[in-house]
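Taking our numbering, I'd label the letters of the sequence shown as residues 272 to 417. Ideal placement from N, C-alpha and C gives every residue a C-beta, glycine not left out. Note that this is a predicted model, so its numbers are computed, not measured.
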Amino acid sequence: MVPKRQIKGPARARKSPALRERRYVALDRQTEELLFSKLEVLSEGSVRDGVFFGSTMISIDLTRVEAHLRRPLGIEGRAALLQTLDGSVRVRIRAMRIAVEEVTRRHPAETLGTAQVETHIQISGDQLHLDIDVEVPFGVSSADSR
């Protein structure tokens, strides 16, 4: 008699954990609100061939912000703030909205299309600068095509 061959059972699939711990620093809402309450906005741009090309600079005086924080930022704190802001989607979205609001303010009669936006964040002296380059077509909207 031929012995029956043992077949291995199905292998157990190992699931990845549903949540993964990552180490990063995030900006809290209160500090974000503080930063955006102390800003100055400067915009420039022009329209060429039905497209607005412009730039918006958001400046935040860090000495005014430091007065509301628990301690001065110092060089390391400013570097950490810059890195945190650079990686913050919320900060970039808020900056983009401010830039697009500037386009709307300058051209209220125009229907804005989808904005192409590029954001750069840097610290220069006591100033935090968010530079937002904007390209927005006029007269193009998904709502118009319905």
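Discussion item. Which runs of the alpha helix (DSSP H) at least 4 residues long sit entirely within the region 364–407? Give them in chain order.
Written reply: none
Discussion item. Applying the 10 Å Cβ sphere with the 16-neighbour rule, what's the burial state of GLY280?
Written reply: exposed
Worksheet item: According to DSSP, what are the bridge partners of ASP332?
Response: GLN398
Worksheet entry | Cβ contact check for the region 342–361 and the region 370–378: 3 or more pairs under 8 angstroms | no
Practice prompt. Whole angstroms is fine: what's the gap from GLU315's alpha carbon to PRO288's?
Written response: 48 angstroms
Discussion item. Quick check for students: name the residue ranges of the beta strand (DSSP E) that lie wholly in the region 278–333, counting only runs of 3 or more.
Written reply: 310–319 and 322–332
Worksheet item: Could you give the residue range of the alpha helix (DSSP H) that holds ARG349?
Response: 345–357
Discussion item. Can you list, in chain order, the residues of its chain with a C-beta nearer than 8 angstroms to that of GLU292? Leave out the 5 residues immediately preceding and following it.
Written reply: none
Worksheet item: Out of curiosity, what's the CA-to-CA distance linking GLU320 and ARG377?
Response: Just to set this straight, residue 320 is Asp in the shown sequence, not Glu. Going from the Cα of ASP320 to the Cα of ARG377 covers about 17 angstroms.
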